[in-house]
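Undergrad:
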Amino acid sequence: MPQNDIQQQLLQISDHYNALAKAHGYSHHAVQQSSVETQERRFQILLEGFPEFQHKKILDFGCGAGHLLGLLKRVGFAGEYVGYDLSAELLKLARENHPEGRFELRNILQERIPERFDLVFISGVFNNDITCNQSFLQDILRLLFAVTDEGLAFNCLSHYVDYKAEGLYYFNPAEVFVFCKEELTPMVSLRHDYEIKAGVVPFEFSCYLKQTAHTPRKGNYD
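Per numbering that gives the first Met the number 0, the sequence shown starts with residue 0, numbered consecutively.
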């Protein structure tokens, strides 16, 4: 997809979240989450992939208002936290509520990433439906995994659902797994076994990508 098209869509996403931030303030609604409980459940699932996170340098990509840092502080996090986002209004809320964090307005498809991280966490970034969801996910994962020393965790909505909401994008988990396994790292885990809402069949999945000396390679499908 032409770069000017994706950049235009990212501007629209930025405007969308700026409006939500102004309307809802430091709330889960400002980052399009249905409740604090489901938002934090998603965070916890991502963190479970890298349980030794307490003293690491972490990038929260698509950090929004910094809610992940709020959870990290409650569970004894003593490392370095950095948040990147496209929404200036969300970042304003993040800085007001978490002055100990470092929050940056950064479009990594246009700007280089000037530092490395032990771990990267990505929650909800790939949910909004745009015209190039597949390539957007792949480009973002390539850029971020290249600057991680230990690994990266992210989540997506799954196409294994009974209902698809307008404006959201639902990935085929198998296709995402193949891309990560063949293009990024052979050390991949995919979880599609957890409930976000009690009693509701799993409607999203999470992936953990780990750095290794082994290089990825195409599968043998014969």
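Idealized CB from N, CA, C, for every residue including glycine.
Everything numeric in this text was worked out from a predicted model, so none of it was measured.
1) For Ala152, list the residues DSSP reports as bridge partners.
2) Tell me whether the beta-carbon of Asp84 lies closer than 7 Å to the beta-carbon of Leu90.
3) Residues in its own chain within less than 7 Å of Leu189 by CB, not counting five upstream and five downstream?
4) Relative to the alpha-carbon of Gln43, which residue among Val119, His213, Leu67 has its alpha-carbon at the smallest distance?
5) Tell me which residue opens and which closes the beta strand (DSSP E) that Gln44 is part of.
6) In terms of residue numbering, what span does the alpha helix (DSSP H) encompassing Ser188 cover?
7) Would you identify the three-state DSSP class for Gly69, choosing helix, strand or coil?
8) At the level of alpha carbons, what is the spacing between Leu71 and Cys131?
9) If you follow the alpha helix (DSSP H) that Leu92 is part of, which residue opens it and which one closes it?
10) What is the rounded straight-line gap between the Cα of Asp138 and the Cα of Arg216?
11) Drop a sphere of 10 angstroms on the beta-carbon of His54, count the other beta-carbons inside from all chains shown, and report buried for 16 or more, exposed for fewer.
12) Per DSSP, Lys56 is paired with what?
13) Under 7 Å between the Cβ atoms of Leu151 and Leu208?
14) When DSSP builds the beta bridges, which residues end up paired with Glu103?
15) Would you call Ser122 buried or exposed, if buried means 16 or more other Cβ atoms sit within 10 Å of its Cβ?
16) Measuring alpha carbon to alpha carbon, tell me which residue in Lys196, Thr211, Val81, Gln210 is nearest Pro113.
17) Can you list, in chain order, the residues of its chain whose CB lies under 6 Å from that of Phe170, leaving out five sequence neighbours each side?
18) Out of Ala212, Tyr193, Glu181, point me to the one whose CA is closest to Leu45's CA.
19) Grouping DSSP H, G and I as helix and E and B as strand, with all else coil, what is Phe226?
20) Could you pull out every residue in the same chain whose Cβ sits closer than 7 Å to the Cβ of Ser14, ignoring the five residues on either side in sequence?
21) With a Cβ-Cβ cutoff of 7 Å, do Phe144 and Leu118 count as a contact?
22) Grouping DSSP H, G and I as helix and E and B as strand, with all else coil, what is Phe178?
TA: Looking at the atomic coordinates:
1) Phe120, Tyr207
2) yes
3) Pro172, Phe176, Phe204, Cys206
4) Leu67
5) One detail in the question is off: residue 44 reads as Ile in this sequence, not Gln. No beta strand (DSSP E) contains Ile44, which is instead part of the alpha helix (DSSP H) from 35–47.
6) Premise fails: Ser188 lies in the beta strand (DSSP E), 187–190, not in any alpha helix (DSSP H).
7) helix
8) 32 Å
9) 87–96
10) 18 Å
11) exposed
12) Glu79
13) yes
14) Tyr83
15) buried
16) Val81
17) Cys155
18) Tyr193
19) With the chain covering only 0 through 221, there is no way to say anything about residue 226.
20) Note that residue 14 corresponds to Asp in the displayed sequence, not to Ser. The answer is none, since no qualifying residue turns up.
21) no
22) helix
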